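For the protein sequence lines, the chains are F, L, G, R and C, in the order given. The numbering used here puts the first sequence at residues 91 to 392. The numbering used here puts the second sequence at residues 768 to 1092. The numbering used here puts the third sequence at residues 768 to 1092. The numbering used here puts the fourth sequence at residues 3 to 245. The numbering used here puts the fifth sequence at residues 3 to 245. Below: the structure, in structure tokens.
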Amino acid sequence: DGLNIVFTHHSSASNTFWQAVKKGFDDACEKIDANCQMIFTQTEGSIEQQVANMQAALAANPDALLTSIVDDRALDGVIQKAVDDGVTVIGVNVDDSEGAAGNARAAFVGQGFRPAGYSLGKAMSEHFPAEGPIKVLVGISAPGQNWSEARGGGVMDFLEDYKKANPNREISWERIDSGTDLAVTADRVGAYLNANPDTTAYFDTGFWHAAVARVLKDRGVKPGEVLLGGFDLVPEVVQQMQAGYVQVQVDQQPYMQGFMPVMAVYLADKVGLTPADIDTGQGIVRPEQADSIMELSAKGLR
Amino acid sequence: MKRLLKISLEKPELAALVLLVVLIILFQIRSDGVFLSANNLRGIFGILPEIGLMVIGVTILMICGEFDLSVGSVFALMPMVMAVLLVDGTPFILAFLAGMLACAAIGFVNGYLTIRFNIPSFITTLGMLFIARSLTIVISGGFPPLLPNDLPNWLFTVFVGPGDLFRMSFLWFVGIAILASLTMSRTNFGNWVRATGGFLPAAKSMGIPTARVKIACFMLCSMLAGFAGMIQVLRLGSPLPSIGEGWELQAVAAAVIGGTALTGGIGAVAGGVIGAVLIRVIDNGLVLSQVDANWFKFAIGFLTIFAVVVNSWLRKRAKSIKVEA
Amino acid sequence: MKRLLKISLEKPELAALVLLVVLIILFQIRSDGVFLSANNLRGIFGILPEIGLMVIGVTILMICGEFDLSVGSVFALMPMVMAVLLVDGTPFILAFLAGMLACAAIGFVNGYLTIRFNIPSFITTLGMLFIARSLTIVISGGFPPLLPNDLPNWLFTVFVGPGDLFRMSFLWFVGIAILASLTMSRTNFGNWVRATGGFLPAAKSMGIPTARVKIACFMLCSMLAGFAGMIQVLRLGSPLPSIGEGWELQAVAAAVIGGTALTGGIGAVAGGVIGAVLIRVIDNGLVLSQVDANWFKFAIGFLTIFAVVVNSWLRKRAKSIKVEA
Amino acid sequence: MATPVISVRDLHKWYSGVHALKGVSLDFAANEAVGLVGDNGAGKSTLINILSGAQTATDGEISMDGKPVQIRTPRDAMNLGIETIYQYNSMVPTMSIARNLFIGREPLKFSLFGLGVMDRKKMADESVRAIADVDLHLRSPDALVGELSGGQRQGVAIARAMHFKSRVMILDEPTNHLAVKETGKVISFVSGLKTLNITGIFISHNIHHVFDCCDRIVAMARGEVVLDKRTEETTMDEVLDVL
Amino acid sequence: MATPVISVRDLHKWYSGVHALKGVSLDFAANEAVGLVGDNGAGKSTLINILSGAQTATDGEISMDGKPVQIRTPRDAMNLGIETIYQYNSMVPTMSIARNLFIGREPLKFSLFGLGVMDRKKMADESVRAIADVDLHLRSPDALVGELSGGQRQGVAIARAMHFKSRVMILDEPTNHLAVKETGKVISFVSGLKTLNITGIFISHNIHHVFDCCDRIVAMARGEVVLDKRTEETTMDEVLDVL
Ligand SMILES: Nc1ncnc2c1ncn2[C@@H]1O[C@H](COP(=O)(O)OP(=O)(O)OP(=O)(O)O)[C@@H](O)[C@H]1O
Ligand SMILES: Nc1ncnc2c1ncn2[C@@H]1O[C@H](COP(=O)(O)OP(=O)(O)OP(=O)(O)O)[C@@H](O)[C@H]1O
Ligand SMILES: [Mg+2]
Ligand SMILES: [Mg+2]
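What follows is the structure, given as structure tokens:
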């Protein structure tokens, strides 16, 4: 009967983004009658659990393995072995920073953390005031975890470049541990904004700035006075975009990230087409698109 | 005077209070006065009731000699149950009751398994931590449902009080804290809880229905955690399946900082409340003190230990004051 | 026969063993024979020594009546210290010693604070959980440094044994487990640990240097966790700053499943080891059984509770067998 | 003879690996003080723990006033009118003396389904009186039991039992740790029980105490009753002989 | 008079809010058995806890053989040759009888810095003998102390102290919970100490026992010594009077 496809990654089941990936994955599998399994970790961002899950899943000899490649080295061995055993391996969501050179995976579907962070910063810079100093706060949601550090790093890479491009403007940024909890992020960033009311923009490495928008609203701060941007679309963020508090959001179209690699596997199996890289979208979402996204989002498609 | 000092500082909750005041002064200076500004207090008072309500339940359960790691998951489960029902068109009050019922059921299962099989509640509730989180995800299908707009926010989250400093949730918190505190000190139920946690064989042999007392505490703890979760969701507007992760350890830490013994029998609701405030103050104050992201956890860890060390030290000093009782 | 059954099942570690065998058979059937295939066993035996070594330390510390929540963070800190030094050109052996020294220091601080100020180790080590994790991130700068290629992997991670089923780390694990087990049962130190955890006032009054015994256990626990972390990093090839998160609860769960009492004094290293195997078997078996992702945590939680319930039930049955001793 | 207040028939108790009671049958009449003596480990505590619900028998029957009863918890026993002072574990060390005296039977100002607000004034007053009744000199009823000396602790347990006099009083080695004067109090308390029509079961290793206050002596050895005579029909030597 | 083995001078002990010892001064000579009596809460246990290192004095001096000593931990006391049976807390309930007998002083097959492999055969053999010495009938040395009856537990504690005879033996109410025969054993043990040149300090509320085996009686009340006479110079009544 159908193909056996396994999807492993570094995130836990309570992460809404990955639930959207799962939906795409499951829908695609249903379309091609594949036997599919997505394996979450129990701790958010745990690469060692991801490796253990991959090993367990590979023991059952699946036809294809889809996986995020969150570290340049930790997954190399397992993936190499899977490829040697004839399993089709496709990287999803995050790739080895050296791309195909750094890992034995056949193709990659998605967009890397760092480039995404960079493009978020770039998109946001269009909203920066033309005059005066620019003070930016970068919220590292989970210090030490690759996804968060790399996204934050991407934003700061851009700020670095922006500073070089505007040598006579005063541009500064700070990092805080902003937490992975709406309430905690709201409290921490809220406190920071109290102490630094002249902050230009806040970048979150997740979607927890949605709660910051609420704080601003509660304080009577007008939309746009503090720019907000972050990653992944959840309904809460879209609402705040509609309200005007969130200016830019990176969306990697998770449904597509779940759906496309299954198709690639299907084509490889049925007609022998080599899986190819797929860019799941430049991914910058602005308030204009919010209304249309809201509908998709409620269905779990975005 | 000396006697008064002795008696007050021997109470762990008052020792914690001393520490709290010192920290507040410290942060107020470090932050150039921002810490006690209305805006910042509003932030603190927004999140405080949520962790505070959870801590009240955890404190009582700990006094009773048991332990609940599942509160963080229940915190997420209750609003999710509610949200799913609300989206289906159930009226708020029914959805609310269904949510609370789910919490009560979880508390009951925790207690029943722990007592019936005589296993450590650490394990029962660790298992329940996973189970409740999983159920939250399952019933939501992974995506947070959108809450309807006609919820009774006025009852839970609108700002009230002088300068709009508080939210309604704060009043709930204060009310429940006082009620819980009185229950523990004035009613026979409170006495039973303390005896059960103090020395189980003795409590049993004096005819206290210890099994029922424990189960009641487990249920109370779960229900308060669920109620707190609902308040948070109403405040933030989105029933994310991931809220409350890691809060269980924070709640236990708050209870211990406030002087509750992990071994049971000793503690006070007021202490837990002070511990919760302390934890929020530390968190908030550190942000205002501009601690670097990578060092943030270090500071949190350090201050948590520091708080308990100082509390223990103050009590020891108080004990060694020589006044005959 | 009846007597033998009684005596064996009264031992919690043997009751856990019975459960383990049942689960293995179950998973073997559920997975169409994949579970016990060489490939899968290789995977299990790869990660088992890492959690297992940590559990050995945690078990001994729990028998001693204390508790360590910081093991997960130390698990990450030790290899990070090593990696940073290695990148700087320090020879492996020195970097290794520096890493172990860091672990020993953390264990010492945990123990010293706990005893000196008479505060619950729950709090000391919860604080240390944050502190050690923060230090890991600080020294790494947030991203894993690149390990050099000339590390003595042959000593820790290469495959050995029949069918290349095991890694060297497994031999380390078995060796250390046997050593630890003998230490606990055959040496006077083991006796002191058990007495200290069993009833502290009595142990003290019988002249056991309880403070030193406890600190030694804390240090042992940290060092084993650090050693385990190093093995994992050598296996994965990358010193991730986020490894080990949440392992502390798993380690405690493993110890309890294997029959160690949270209150101290009771337990065996062998039990902890069996508990660790059980946890890995459950995790792996559930993946192979293709449990739906959203229900996965449910199954983990359920089986954890189930394991302890069955263990407790088996022991109770064994106790009620009427054979005069 | 009148129906005995309590009678046990063929009681067996197995601990894991120990057959602690091997078919004990005994009757206790109203207004009778029975002294229970026996070697260490004879099964005395086990027997009375079963009567007071702290443990359950493996086998056998208990009846009160001729009717079979089930005593599963200490609460059951209390409801049947059996009050016990245990050899160990009778106080909560982390609670005050006053609280300990009333745990489980707090006087309430008002109540609903048995739960309610404690009458703390009454508790304080009565506890002062109860303690004075046993001649203990304690600082205050608010001191923690865990901070008392051995004898003071035992005194509190006795004060509690004396305060809640019931139909049957069981005292398991109550005079251990007690000073001379307090011991005297306990002995006269036990002798006085019969005038109140209360059955007393008094365990002690001090043969003199037992003969001082009991009407009947029961001796146990290795889980069995080996002697059961009225005090006036036996002598200390005879009792010492069977032990 | 020869230098006393132990002498304490002006010993004070404050618990939080309780002045438990108010300047106690006492001398204990070698080969002397001293009976320490007194009301509940008089401070007897506090005094001997300080001598055996379980608690530390707030103020005052202790000297042995005329030289001032610091006793900070039970280990210090043991090293000075002071062996103690405490009123409570003397056994680890989760460990076996054999283990309990030797905790802290395990016979080792070989050792390094005091740590080594226990000689378990020796432990088993000696524990059987030690228990037999106090006339206890125990199933096996491998039974857990927590599963013993009150008297059996006390017996193990006594067996331990008798086995590790030292220069000074302190016994805090050792005969509580003990049956008649075992009590006799303890009393003859205390009387026998002087022939071994061992100082004995024996606390009991049973005046008869004290007079049976002690050379000198010290009575305490409210933290102070109120009587200190040789046995032959006083009478039971006089002692009872001061209490
Ligand atoms: N840990 C403690 N905290 C506070 N007070 C204490 C503590 N231990 C003992 N006390 C008090 O010190 C006094 C002396 O107690 P101690 O135990 O020395 O008496 P004792 O003479 O041994 O009495 P008993 O014959 O009843 O054992 C008592 O009033 C007691 O309440
Ligand atoms: N929890 C237990 N587990 C196993 N054996 C037990 C337990 N409790 C008591 N026993 C055993 O049962 C027997 C009877 O014990 P019990 O406590 O009834 O004796 P007792 O007559 O009260 O003795 P004592 O005068 O020393 O208090 C003893 O051999 C004891 O070792
Ligand atoms: Mg008894
Ligand atoms: Mg005493």
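Just so you know, even glycine gets a beta-carbon here, dropped at the ideal spot from N, CA and C. Note that the structure is a prediction, hence the values are computed from the model and not measured.
- Using beta-carbon distances, S47 of chain C does not count as an interface residue toward chain L, since no partner is under 9 angstroms.
- When secondary structure is reduced to three states using DSSP, M768 of chain G falls in the coil class, being assigned neither helix nor strand.
- In the DSSP assignment, Y292 of chain F falls outside any alpha helix (DSSP H) and lies within the beta strand (DSSP E) extending over A291 to D294.
- DSSP assignment within the stretch 1038–1070 of chain L yields no whole alpha helix (DSSP H) run of 4 residues or more.
- Look at the stretch 960–972 of chain G: the residues with a C-beta under 7 angstroms from a C-beta of chain C are R961, A962, G965, F966, P968, A969, A970, K971 and S972.
- Short of 6 angstroms from the beta carbon of L156 of chain F, and not among the five residues preceding or following it, lie these beta carbons of its own chain, in chain order: F97, I180, V182 and P351.
- Beta bridge pairing from DSSP links Y88 of chain C with no other residue.
- Counting only heavy atoms of ligand 2, the residues whose C-beta sits closer than 5 angstroms to one of them are, along the chain, R:Y17, R:V20, R:A22, R:N42, R:G43, R:A44, R:G45, R:K46, R:S47, R:T48, C:E149, C:L150, C:S151, C:G152 and C:G153.
- Here the C-alpha atom of M214 of chain F lies approximately 37 angstroms from the C-alpha atom of L1003 of chain G.
- Collapsing the DSSP output to three states places H165 of chain C in a helix.
- Exposure of H139 of chain C is indicated by the presence of fewer than 16 other C-beta atoms within 10 angstroms of its C-beta.
- One thing to note: G202 of chain F has its Cβ within 9 angstroms of the Cβ of D185 of chain F.
- The CB of P143 of chain C never comes closer than 7 angstroms to any CB in chain G; the least such distance is about 12 angstroms.
- N920 of chain L sits in a helix when the DSSP states are folded into three classes.
- By the criterion of a C-beta distance shorter than 6 angstroms, L828 of chain L is surrounded in its chain by D835, C984 and C988, once the five residues flanking it on both sides are discounted.
- Between the alpha carbons of N33 of chain C and K196 of chain C lies a gap of roughly 4 angstroms.
- CA-CA distance, L306 of chain F to K312 of chain F, rounds to 7 angstroms.
- For the pair C870 of chain G and M986 of chain G, the Cα-to-Cα distance works out to about 7 angstroms.
- One thing to note: F1063 of chain G has its Cβ within 9 angstroms of the Cβ of A103 of chain F.
- The beta carbon of T892 of chain L sits closer than 7 angstroms to the beta carbons of F834, D835, L836, S837 and N877 from its chain, once the five residues preceding and following it are set aside; these are given in chain order.
- Listed along chain L is no residue with a C-beta nearer than 8 angstroms to that of G243 of chain F; the closest approach is about 12 angstroms.
- Around K778 of chain G, no beta-carbon contact reaches into chain R at under 7 angstroms, the shortest distance being about 12 angstroms.
- Taking 7 angstroms as the upper bound on Cβ-Cβ separation, chain L lies near residues L880, F884, N885, I886 and P887 of the stretch 872–888 of chain G.
- R953 and T954: these are the residues of the stretch 932–954 of chain L whose beta carbon lies less than 7 angstroms from some beta carbon of chain R, given in chain order.
- Sequence-distant Cβ neighbours of S775 of chain G in its own chain, meaning closer than 7 angstroms and more than five residues away, are L781.
- Of all alpha-carbon atoms in R:S206, R:F104 and R:C216, the one lying nearest the alpha-carbon of F166 of chain R is that of R:F104.
- Around the beta carbon of Q140 of chain F, a 10 Å sphere encloses 16 or more other beta carbons of the protein chains shown; the residue is thus reported as buried.
- Linking V227 of chain R to L991 of chain L through their CA atoms gives a straight-line distance of about 54 angstroms.
- Apart from sequence neighbours up to five positions away, the residues of its chain that approach S98 of chain R with a beta-carbon distance below 8 angstroms are P143, D144, A145, L146 and V147, ordered along the chain.
- G167 of chain F and D161 of chain F have their C-alpha atoms spaced approximately 12 angstroms apart.
- In the structure shown, the three-state DSSP call for V136 of chain R is coil.
- Three or more beta-carbon pairs separated by less than 8 angstroms link the stretch 998–1014 of chain G to the stretch 918–933 of chain G, which places the two stretches in contact.
- Runs of the beta strand (DSSP E) lying entirely within the stretch 909–955 of chain G and spanning at least 3 residues: none are present.
- Rounded to the nearest angstrom, the gap between the Cα atoms of E239 of chain F and G813 of chain G is 28 angstroms.
- Here the alpha carbon of I87 of chain R sits roughly 21 angstroms from the alpha carbon of P176 of chain C.
- The contact set of F1069 of chain L on chain G, defined by CB atoms closer than 7 angstroms, consists of G894 and I898 in chain order.
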